[in-house]
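Numbering (our numbering), first residue to last: 552 to 699.
Even glycine gets a Cβ: it sits at the ideal position worked out from N, Cα and C.
For reference, the structure discussed in these notes is given below.
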């Protein structure tokens with residue numbers, strides 16, 4: 552019996568996958584626990600429309616990420632910080648601060664988890680930072696850390 556899984560089942564398959572299951576397993580386990588539905592014409596149509604809407608949503612997200620990338624790559628973000636005599640910053644600059652300043656100065660909202668900062672910035676100067684906006688869309692931001 553062909554069934555469409557409603558969620559991931561270890562050792563059986565992933566969500567929205569069509570599998571061949573034994574009749575007894577499907578009727579006595581998968582259907583009563585609402586883990587699967589029969590792969591009939593109506594359910595197959597629902598699955599196809601769900602997949603196409605998911606693809607459309609992903610393409611819109613990717614387009615938005617590309618637009619954001621274009622905005623970010625033309626920016627020189629200036630971060631004024633307190634520093635010592637030899638260019639050492641008091642404290643450090645983290646991805647959270649970079650994200651907040653990017654939003655304040657240029658009204659571009661980027662999640663701090665997407666900012667790829669290997670280690671916090673502790674010196675004055677220019678830094679190139681990668682921001683992973685979407686799968687395969689990486690923007691390069693120039694950050695200028697200056698003394699107040």
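Nearest by alpha-carbon distance to residue 641: which of 657, 567, 674 is it? Considering only alpha carbons, the answer is 674.
Is residue 615 buried or exposed, if buried means 16 or more other CB atoms sit within 10 Å of its CB? exposed
Roughly how far, in whole angstroms, is the beta-carbon of residue 587 from the beta-carbon of residue 577, given that I think they are within contact range, below 8 Å? 7 Å
Are the Cβ atoms of residue 688 and residue 626 separated by less than 7 Å? Taking 7 Å as the Cβ cut-off, residue 688 and residue 626 do not qualify as a contacting pair.
Cβ separation of residue 644 and residue 632, assumed to be a contact under 8 Å, to the nearest whole Å: 7 Å
Beta-bridge pairing of residue 667 - partner residues as DSSP gives them: 681
Taking 7 Å as the limit between beta carbons, can you name the residues of its chain near residue 646, skipping five residues before and five after? 663, 666, 668
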